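Participant: My structure is below; once you've seen it, I'll send some questions.
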């Protein structure tokens, strides 16, 4: 394959990957505007994000099966087309019901794009360039969550919320034309299925849907104090256990779980779960922090993540270039340590922090992520047979997406619970002997001097209560950063279960020899 064609294929699948990942988060900043348009409550409007996530995660899990049924290129084109139609119709929605229905269509279309893109890139680039292939893939998967809040905030403020959907259409058309022109299905892909596993499809749909609903609605419903959250958890666990048993018994499973016997894929997927928690959790919590405590508007809150995007973009190719030259375990350790340091720096923030105080911490985080993500994505699929690449990519992507959902749920829960704990602690120290409180009261009294005694006292108590809440919330956000750093510390030992450079070189040599034999 020529160098030009190889990079044209990479550019083609990058369109689909970037758009599908971005649409998970791009609507979040537009939700308040949609509430006004549809007259929906805060609880109801979050279904705009939830409906997309449910449809997407079900489809990405089944990407390998659908690829065998329809052919991979045909599935990719159909999915991209469905995603484009869903985007256009979502932007044109006149009622809340229409919006939810069209977001489901969009999610069904977007789900298959991510794992198939990774599989195509893995097969297009020769063994010695696999690191660079995953660097290209990472530009879509890792950059999109950072760009989404900025782009979504700007489009919403300048043109209105429908444009967070309409912006997809011209890029999708270009991507579809490029895929149709440059991508072909290789001869070794499995084609057709002898028997449709309806039981597996039903269990997968029910299990993943229940899991998504529990994770996305749990904190809002106060977790297991809610009967339907408890019931949803039981249904999710029971159906997913049944799914695992049933898939190992099936001759043509919907989800090829047997691939997890491959140690690099299993370890990489577990680490990808943690990476997803950190990436999506941070993407969620930092704009929340800057908007709620620092008073940033939506667009400026999105810009807070941009320093991370810059270093990600600049260092992704470097990580891909280094992959064949440095032991991958050392690269993952290096990236993880940098990420841990950045999280512990974020755990020292106060209410006096400004935008430029955050920049060095996020630049540092963005510097660590490429070395972890690119290397992990490449090593995880390094020993997977090419015929199983789409199935393996689906499992790896599923782990990261489930991690992302866990990240949202964990962050929301930690912030609320730790705010309550810190507030109780701070309140216990509020008394007339506290010098800081007396100084605050004296300053507030001079400001409120025009009010009579009782109104001034009520206003003072309200100010103290607000000040305590803000301090408690700030400490809770710091706890989130500590938790994320601790997660990365816990997974560091798993790095040593991955193959080293010598093993990977032997694999690359064997794969190159096989490719050469096929060409002859």
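In the numbering used here, the protein residues as written are 636 to 1155. Built from N, CA and C at the ideal position, the CB exists for glycine as well. Remember, predicted model here, so these are calculated numbers, not experimental data.
What residues in its chain sit with their C-beta under 6 Å from that of residue 874, if we drop five residues either side in the sequence?
Facilitator: 838, 841, 842
Participant: By the DSSP assignment, the alpha helix (DSSP H) with residue 959 in it spans what residues?
Facilitator: Unbroken run through residue 959: none, as it is neither H nor E.
Participant: So for residue 697, helix, strand or coil by DSSP?
Facilitator: coil
Participant: Taking its Cβ as the centre, do 16 or more other Cβ atoms sit within 10 Å of residue 904, making it buried, or is it exposed?
Facilitator: buried
Participant: For the segment 727 to 740 against the segment 753 to 762, do three or more pairs of beta-carbon atoms, one drawn from each stretch, fall closer than 8 Å, so that the two count as touching?
Facilitator: no
Participant: Counting only the same chain and skipping the five closest in sequence on each side, list residues whose C-beta sits under 7 Å from that of residue 661.
Facilitator: 783, 786, 787, 799
Participant: Could you name the residues of the same chain whose beta carbon sits closer than 6 Å to that of residue 651, not counting the 5 residues immediately before and after it, in chain order?
Facilitator: For residue 651, same chain residues with a beta-carbon under 6 Å away, outside a window of 5 residues either side, are 715, 748, 752, 810 in chain order.
Participant: Cutting at 6 Å between CB atoms, please list the residues of its own chain near residue 846, excluding the five before and the five after it.
Facilitator: 871
Participant: Residues in the same chain with beta-carbon distance under 8 Å from residue 823, minus the five sequence neighbours each way, listed in chain order, please.
Facilitator: 1021, 1022
Participant: What is the DSSP secondary structure of residue 985, reduced to helix, strand or coil?
Facilitator: coil
Participant: Between 858, 1112, 1130, which has its C-alpha nearest residue 962's C-alpha?
Facilitator: 1130
Participant: Whether or not the segment 638 to 654 and the segment 762 to 775 are in contact is what I'm after, with contact meaning three or more pairs of Cβ atoms, one per stretch, closer than 8 Å; do they touch?
Facilitator: The segment 762 to 775 is in contact with the segment 638 to 654.
Participant: For the segment 1029 to 1047 against the segment 850 to 861, are there 3 or more C-beta pairs whose distance is under 8 Å?
Facilitator: yes
Participant: Tell me whether residue 639 sits in a helix, a strand or coil according to DSSP, three-state version.
Facilitator: Reduced to three states, the DSSP call for residue 639 is helix.
Participant: What whole-angstrom Cβ distance do residue 1008 and residue 656 have, given they're in contact under 8 Å?
Facilitator: The beta carbons of residue 1008 and residue 656 sit about 13 Å from each other, so the pair does not count as a contact at 8 Å.
Participant: Report back the beta-carbon spacing between residue 1058 and residue 1103 to the nearest angstrom; my notes put them in contact at under 8 Å.
Facilitator: Taking C-beta atoms under 8 Å as the contact rule, residue 1058 and residue 1103 qualify, at a distance of about 6 Å.
Participant: Would you tell me roughly how many angstroms separate the C-alpha atoms of residue 1120 and residue 897, rounded to the nearest one?
Facilitator: Each residue's alpha carbon lies about 28 Å from the other.
Participant: Enumerate in chain order the residues of its own chain whose CB-to-CB distance from residue 1132 is below 7 Å, with the five nearest sequence positions on each side excluded.
Facilitator: 898, 902
Participant: So, for residue 637: in the same chain, excluding its five sequence neighbours on each side, which residues have a beta-carbon less than 7 Å away from its beta-carbon?
Facilitator: none
Participant: Give the single residue among 807, 1123, 698 whose Cα lies nearest to the Cα of residue 888.
Facilitator: 698
Participant: Compare the C-alpha of residue 683 against each of 959, 966, 659 and name the closest.
Facilitator: Checked all of 959, 966, 659; the closest Cα to residue 683 is 659.
Participant: Label residue 943 either buried or exposed according to how many other C-beta atoms from any shown protein chain fall within 10 Å of its C-beta, with 16 as the threshold for buried.
Facilitator: buried
Participant: Assign residue 884 to one of two classes, buried (16 or more other C-beta atoms within 10 Å of its C-beta) or exposed (fewer than that).
Facilitator: An exposed status is given to residue 884, since fewer than 16 other beta-carbon atoms sit within 10 Å of its beta-carbon.
Participant: Could you check which residue in 1034, 991, 996, 993 has the C-alpha nearest to that of residue 1012?
Facilitator: 1034
Participant: Are there 16 or more other CB atoms within 10 angstroms of the CB of residue 687, so buried, or fewer, so exposed?
Facilitator: buried
Participant: Touch check for the segment 920 to 927 and the segment 721 to 730: three-plus C-beta pairs under 8 Å?
Facilitator: no
Participant: Using three-state DSSP, classify residue 1023 as helix, strand or coil.
Facilitator: helix
Participant: Quick check for students: name the residue ranges of the alpha helix (DSSP H) that lie wholly in the segment 912 to 947, counting only runs of 4 or more.
Facilitator: 933 to 938
Participant: Roughly how many whole angstroms lie between the Cα atoms of residue 996 and residue 990?
Facilitator: 11 Å
Participant: Does DSSP classify residue 730 as helix, strand or coil?
Facilitator: coil
Participant: Any idea what DSSP makes of residue 1064, helix, strand or coil?
Facilitator: coil
Participant: Using 8 Å as the threshold, is the C-beta distance between residue 754 and residue 1010 below it?
Facilitator: no
Participant: Does the beta-carbon of residue 985 have 16 or more other beta-carbons within 10 angstroms, so that it is buried, or is it exposed?
Facilitator: exposed
Participant: Taking C-alpha atoms, which residue in 1123, 710, 740, 707 lies nearest to residue 908?
Facilitator: 1123
Participant: Since residue 708 and residue 832 are thought to touch, with beta carbons under 8 Å apart, how far apart are those beta carbons, to the nearest angstrom?
Facilitator: Contact doesn't hold; Cβ gap of about 23 Å is too wide.
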